[in-house]
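Basically this note's numbering = 1-based index in the sequence shown + 17. The C-beta atom is built at its ideal place from N, Cα and C for all residues, glycine as well. The structure displayed is predicted, hence computed values, not measured ones. Working notes, beginning with the structure itself.
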Amino acid sequence: LRNTEKIATVPDYAACPLVEDSCLRAEDPQLEIKPAELSLVWSAAHDNDPAELWLRERMVEYMSAPVPLGPSFGLCRMGGA
């Protein structure tokens, strides 16, 4: 994204490391960004497959875990300054 006119919308926990490690900057969005809803879909033929069941359980566990909030964009905008 550096040296382009492109933008990216990323969570604060991902934005701060990008700002700290490069010449990128982070700004609060100018519009409300609503949380996305995630769904899992699979073939009924694999409902009882142990490997697929394990994978689905891990995905639900991982995606259901609360995300630790990082510092505000103001704190990471200038590399933590």
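At a Cβ-Cβ threshold of 7 Å, Arg19 and Cys33 do not count as neighbours.
Following the DSSP letters along the chain, one finds Glu78 inside the alpha helix (DSSP H) bounded by residues 67–81. Taken through DSSP and simplified to helix, strand or coil, Leu48 comes out as coil.
Taking 7 Å as the cut-off, the beta carbon of Val36 is found closer than this to the beta carbon of Ala43. Val77 and Leu55 have their C-alpha atoms spaced approximately 10 Å apart. Assigned with DSSP and collapsed to three states, Asp29 falls in helix.
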